[in-house]
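Below is one structure, written out as structure tokens, with a few remarks after it.
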Amino acid sequence: MRLSYLFVLCCAIVMYRFRQGNFSWEDVGLFEKDVPDPFIMHPDWLLRKGNAHYYVLLTFLTGSMWYVNFVSTPSFLALRFMWTSVSIVLFIKKVYDYYNYGRLLYLIDFCYFANIFFGYALWNVPIIQKQGKDKDGKEKEFIVNYSEERFPEVAQALFCVMNGPVGGGTFMLGTSLVFHHPDAYSSFWLHVIPMWFTYGLRWHKFERLLKHRFPDLSDVMDWRKRSSMWASVRYCYLPWVVCHAAFLICHPYTPLRKYETLFDWVAHGGIPETRDDPFLSWMGKVFLYCVVHFIMSMQGIVAAALAFKYQLVHFVWIGCVFFNCAYSGFWFYENTIHPPDGLDVSGAIGLADGLKRSACAWSMMIPAYLYCKRYPEKAPIARSEVKKRIKESKAGQVKMGKEE
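Per full-length UniProt numbering, residue 1 is the first one in the sequence shown, and the count goes up by one each step.
Right, here's the structure in full:
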């Protein structure tokens, strides 16, 4: 909670300076023009006086997000405020840069759709509040603003989406953890930070909601992986992929054809010189792209479904994604300082490299899952469950002492 107060204080200082006329966005380069592409390796992106504030601010932001989701347990309202406020700022910056670089249609990618859905769910999730203590001295809790009967299923679907196609997509995209520019950092925020939030929500808040409102579903170990995967496809992926495929098919015949899409980047390395493919040939390429996208998304959804059942598996999966981003970020700066001959300055990775990284993550996920499934009593569990077991153990010891 203290971090959220500090965050609000920083925002207040910026607004005060802005009103006093001593501050402009150009001072910090937030909306600067005529600068290199932040995703392209360039000497200007190394640590220097002009961008040192970015390195400090974005490093602090990353550390704060890690702390509040894995170490501290701030209120849900504080978590929601921090994620939403930073996401809005980065999204506005992303729209501005995409417009200047002609990449505005990148915003129709699945990751943006999923993050908007995630934000909507955060602001419509049931809130638990305390209502004093009962006669036995126990805290009484109740749920407010509850209206969605499908909440458990939707929450599980969102968990699998944010940890699957969104977080797992970093292996194929080569997403880097870099701090030299908000636009470059926003890719890490878009794909990885939601995974961190789902960790705190899944293992600290979700089970409390089930206990109060859905007691028959409180034992999530009994939930089937197939149901979570189907829920992810039904609520999130299927609506997007149908609309996305329809748009890509029509794209060459619309006034927006001059704008690059992620499909153009994957298929042609950018905007093709001409868009004169026959309609059936173009539609076949789009269909093949969507099929490959679906297959890669499903492998991420399967990994997320395994992570949903065991906290250790979830932690391992998050660790693999983070290490992959940190590894890509390291080589981004290393190759910027010492560029080898024939280097692709865009930092893009090939399909084979992406599959190799994904396979490495699975090689760590599967042993963790098998261990938790074989020895569930030894697997790490949620903090509230730990407290519950400690309390039951102490109660049992007291009872045994009285009997003796």
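Positions of the beta carbon are idealized from the N, C-alpha and C atoms, including for glycine.
- Task: Verify whether the separation of the beta carbon atoms of SER328 and GLY174 is less than 8 Å.
- Result: Yes; because the gap between Cβ atoms is below 8 Å, this pair is in contact.
- DSSP-derived helix/strand/coil call for HIS42: In the displayed model, HIS42 falls within coil according to three-state DSSP, outside both helix and strand.
- Message: With distance defined between alpha-carbon atoms, name the residue in ARG234, TYR101, PHE179 nearest to ALA155.
- Response: Nearest C-alpha to ALA155: ARG234.
- Please name the residue, chosen from LEU280, TYR55, LEU351, VAL241, that lies closest to ALA184 on a Cα-to-Cα basis. Ranking the options by Cα distance to ALA184, first place goes to TYR55.
- Message: What does the Cβ neighbour count give for CYS243, buried or exposed, with the cut at 16 atoms within 10 Å?
- Response: Exposed, because fewer than 16 other Cβ atoms sit within 10 Å of the Cβ of CYS243.
- Could you tell me the distance, in whole angstroms, from the CA atom of ASN124 to the CA atom of TRP240? In this structure, the straight-line span from the alpha carbon of ASN124 to that of TRP240 is close to 21 Å.
- Classification of ARG103 by the beta-carbon crowding that lies within 10 angstroms, buried from 16 upward: Counting other Cβ atoms within 10 Å of its Cβ, ARG103 reaches 16 or more and is therefore classed as buried.
- Three or more beta-carbon pairs under 8 Å between the stretch 71-88 and the stretch 243-254, yes or no? Cβ pair count under 8 Å is below three, so no.
- Message: Quick check: the stretch 48-66 against the stretch 297-314, are at least 3 beta-carbon pairs closer than 8 Å?
- Response: Cβ pair count under 8 Å is below three, so no.
- Task: Following the continuous alpha helix (DSSP H) through GLY200, name the residue where it begins and the one where it ends.
- Result: Counting along the chain, GLY200 sits inside the alpha helix (DSSP H) bounded by residues 193-200.
- Could you tell me the boundaries of the alpha helix (DSSP H) in which LEU90 lies? Where LEU90 is concerned, the enclosing alpha helix (DSSP H) stretches over 76-101.
- Is ARG275 helix, strand or coil by DSSP? DSSP places ARG275 in coil when its eight states are reduced to three.
- Item | Reference ALA78; option with closest CA among LEU190, GLY200, PHE151, SER363 | Distance check between ALA78 and each of LEU190, GLY200, PHE151, SER363 places GLY200 closest, using alpha-carbon atoms only.
- Task: Go through its chain and collect everything with a Cβ distance to PRO43's Cβ below 7 Å, but skip five positions before and after it.
- Result: These residues qualify, in order along the chain: THR336.
- What span of residues does the alpha helix (DSSP H) with ASN324 cover, start to end? Unbroken alpha helix (DSSP H) run through ASN324: 311-337.
- Return the Cβ separation of VAL266 and TYR237 in integer angstroms, given the expectation that the two are a contact with Cβ distance under 8 Å. About 18 Å separates the two Cβ atoms, so there is no contact after all.
- Item | Coil, strand or helix - LYS49 by DSSP | LYS49 sits in coil when the DSSP states are folded into three classes, being neither helix nor strand.
- Message: To the nearest angstrom, how far is the alpha carbon of LEU122 from that of LEU158?
- Response: As the crow flies, the alpha-carbon of LEU122 is around 10 Å from that of LEU158.
- Query: Would you say PHE81 reaches chain B, if we count a Cβ-Cβ gap shorter than 8 Å as a contact?
  - Reply: You won't find chain B in this structure, because it holds only one protein chain.
- Task: State the start and end residues of the unbroken alpha helix (DSSP H) segment that holds GLY167.
- Result: For GLY167, the enclosing alpha helix (DSSP H) has its first and last residue at 167-173.
- Message: With three or more beta-carbon pairs closer than 8 Å as the criterion, would you say the stretch 244-258 touches the stretch 86-96?
- Response: The stretch 244-258 makes no contact with the stretch 86-96; the number of CB pairs closer than 8 Å stays below 3.
- Short Cβ contact (8 Å threshold) for VAL178 with CYS111: No, they are not a contact pair.
- Do you know offhand how far VAL302's Cα is from ARG48's? Here the alpha carbons of ARG48 and VAL302 stand approximately 43 Å from one another.
- Message: Comparing C-alpha positions only, which one of LEU61, SER232, ILE92 sits nearest to PHE118?
- Response: Answer by Cα proximity: SER232.
- Task: Name the two residues that bound the continuous alpha helix (DSSP H) containing TYR371.
- Result: That run of the alpha helix (DSSP H) goes 351-374.
- Message: Classify ALA307: buried if its beta carbon has 16 or more other beta carbons within 10 angstroms, exposed otherwise.
- Response: Buried: at least 16 other Cβ atoms inside 10 Å.
- Can you tell me which of the three DSSP states PRO239 falls into? Helix, per DSSP.
- Query: Would you report the Cα separation of TYR120 and HIS338, rounded to the nearest angstrom?
  - Reply: In a straight line, the C-alpha of TYR120 is about 44 Å away from that of HIS338.
- Message: With distance defined between alpha-carbon atoms, name the residue in ASP277, VAL192, TYR371 nearest to TRP66.
- Response: Taking only the C-alpha atoms, the option nearest TRP66 is VAL192.
- Of all the options TYR375, HIS204, LEU355, which has the alpha carbon lying nearest to the alpha carbon of MET172? Among TYR375, HIS204, LEU355, the Cα nearest to that of MET172 is on LEU355.
- How long is the line joining the alpha carbons of ASN69 and PHE91, rounded to whole angstroms? The alpha-carbon atoms of ASN69 and PHE91 are separated by roughly 22 Å.
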